[in-house]
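These notes concern the structure reproduced below.
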Amino acid sequence: MGQLRVEKIQEFIKQEVSKIILTELKDPRIGFVTVTRVEVSGDLRYAKIFLSLMGSDEEKAGTWAGLHRALGYIRTEIGKHLGIRHVPELSLHLDESLQYSARIQELLNKIKHEESQ
């Protein structure tokens, strides 16, 4: 499969999943979610959706459960607009890079503050 086509499908899935989570999912457990990236296999059979979740640990757990419950609906909605024969099987993955970078920034600020004293 052409790399350009895979990249276009990845971007389309990212935008669609973001839109579906924001506007169509009515589960009250689902809190603040950001779709950070999507990786689609070369044969277009599988798509890994990487998400960043905000909130307390309890809120994150509720959001995670709500998203897993809605995964079939999300796949169906993507299939309506994607325009390919087989809709990729979706899997959700937690992307902790935002939390990691925030923690690094916090540590750097702490070091800078300690050096200035």
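In my numbering, the protein residues as written are 3 to 119. The beta carbon of each residue, even a glycine, is placed where N, CA and C say it ideally should be.
For residue i, three-class secondary structure by DSSP
| i | result |
| --- | --- |
| F14 | helix |
| R71 | helix |
| E26 | coil |
| V19 | helix |
| V8 | helix |
| I106 | helix |
Pairwise C-alpha distance: residue j and residue i
| i | j | result |
| --- | --- | --- |
| G81 | A72 | 14 angstroms |
| W66 | L109 | 28 angstroms |
| D97 | N111 | 23 angstroms |
| V37 | H95 | 10 angstroms |
| Y121 | L6 | Nothing about residue 121 can be read from this structure; the chain reaches only from 3 to 119. |
Bridge partners - residue i, DSSP secondary structure assignment
| i | result |
| --- | --- |
| H95 | F52 |
| V40 | I51 |
| V35 | L55 |
Expected contact under 8 angstroms - CB spacing of residue i and residue j to nearest Å
| i | j | result |
| --- | --- | --- |
| H88 | L53 | Rounded, the Cβ-Cβ distance is 23 angstroms, inconsistent with contact. |
| K62 | L55 | 4 angstroms |
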